[in-house]
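Numbering (this note's numbering), first residue to last: 658 to 845. Note that CB positions come from ideal geometry on N, CA and C, so glycine has one too. Small disclaimer: the values here were computed from a predicted structure and weren't measured.
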């Protein structure tokens, strides 16, 4: 008789946009992982959910992944299943450390859309390349956002923060608040 393989499904989304929807990104990731698990004889998805909605993949400071680590240490998980490797982490070092942690605890790791065996030298190489690509993508997104904010500021658009006295914001543009402006002028 086959030994049951207890599979923990880990899902993550960097921001909370859309998480209030009846069927959201975390649900879609979970469904894909469940489908993969059902295709394997003897594999069963654990009922416990490990969902980190609204958490960046840049570090491991996430409640669900910490809970998953504790359950792995406790011997309650045989396999961790994610939709893509970047759901686990967008930091190469963290990705490698986490999968090494899983190996030390004899827990398999599967990214259902990127099948590779991270127990082999070639699989470890593929994981490193995919992790590096995920890290690059995250860093490029950060760079684009910073550039957009800087360019918007150069165009005179208000990008947030404490509003200067004497101004209001309309459509991201500073407009003079006549009442406050009079107060400011009396002190200048």
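Suppose contacts are defined by Cβ-Cβ distances below 8 Å. Is residue 719 in contact with residue 728 by that definition? no
So if DSSP puts residue 666 in a beta bridge, which residue, or which two residues, is it bridged to? 738
Quick one: grab the DSSP three-state call for residue 817. Per DSSP, reduced to three states, the secondary structure at residue 817 is coil, with no helix or strand assignment.
Taking C-alpha atoms, which residue in 764, 783, 813, 671 lies nearest to residue 738? Taking only the C-alpha atoms, the option nearest residue 738 is 764.
What would DSSP say about residue 834, mapped onto helix, strand or coil? coil
For residue 832, I'd like the list of residues in its chain whose CB is within less than 8 Å of its CB, leaving aside the five on either flank, ordered along the chain. 824, 825, 826
Range of the contiguous alpha helix (DSSP H) that encloses residue 730: Where residue 730 is concerned, the enclosing alpha helix (DSSP H) starts and stops at 720-730.
Assuming residue 699 and residue 661 form a contact by the criterion Cβ under 8 Å, report the distance between their Cβ atoms to the nearest whole angstrom. 6 Å
Do the stretch 749-759 and the stretch 780-788 touch if we need at least three Cβ pairs shorter than 8 Å? yes
Going along the chain, which residues of its own chain have a beta-carbon closer than 6 Å to the beta-carbon of residue 835, five neighbours each way excluded? none
Reference residue 775; option with closest CA among 800, 736, 795: Residue nearest to residue 775 within the set 800, 736, 795 is 736 (criterion: CA-CA distance).
Our contact map puts residue 761 next to residue 667 with C-beta atoms below 8 Å; I'd like the distance itself, whole angstroms only. Not quite, the Cβ-Cβ distance comes to about 18 Å (not below 8 Å), so this is no contact.
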